[in-house]
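Residue 9 in numbering that gives the first Met the number 0 sits at position 10 of the sequence shown, with consecutive numbering throughout.
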Amino acid sequence: MKIKNHNNFVVLEDEKNDIMDFASFIETQVPSKYKGQNVVLNLLNYESMELPELLMFLKTSNLHRKTKQSFVIVNDAIEIDDIPFEMTVVPTLQEAEDIIEMEEIERDLGF
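Right under this line is the structure:
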């Protein structure tokens, strides 16, 4: 897994090109190693990703967001209308950074 630390978030990216394995790995790693951090999953390499594959990250997303931290997935293969409302999926890393900044502001304001 590639890890890139930024000021207010960390970007995690799969190196093995195995989405099922990566989803399982993320499910164990995020709650323990990235607790208290905003997380961005860079899944741009999965150009033919489909909804069932995206949904493998739903549990981790929900658990991480319950801790009042952002969990943003970056992928542009899935239609925006197909994405469940409880997941945050954006097409670019810049948009992921923007979402995290907005969510940080919302949390600071008590929303």
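Even glycine gets a Cβ: it sits at the ideal position worked out from N, Cα and C.
Being a predicted model, the structure only gives us computed values, none of them experimental.
Item, Value
"F56 beta carbon less than 8 Å from that of I72", "yes"
"Whether V9 touches Q28 by CB criterion (8 Å)", "no"
"Cutoff 8 Å: N7 Cβ touching any chain D Cβ", "Looking for chain D here will not work: only one protein chain is present."
"Sheet register partners of K3 (DSSP bridge)", "V10"
"Chain-order list of residues whose beta-carbon lies under 6 Å from that of L40 (same chain, five-residue window excluded)", "L11, I72"
"Anticipated Cβ contact below 8 Å, M0 with D13, distance rounded", "6 Å"
"Cut-off 8 Å between Cβ atoms - residues of its own chain near I77, not counting five sequence neighbours on either side", "M48, E49, L50, L53, V88"
"Residue from K34, N16, D80 whose Cα sits closest to the Cα of H63", "K34"
"Beta bridge counterpart(s) of N44 as assigned by DSSP", "Bridge partners of N44: none, in fact."
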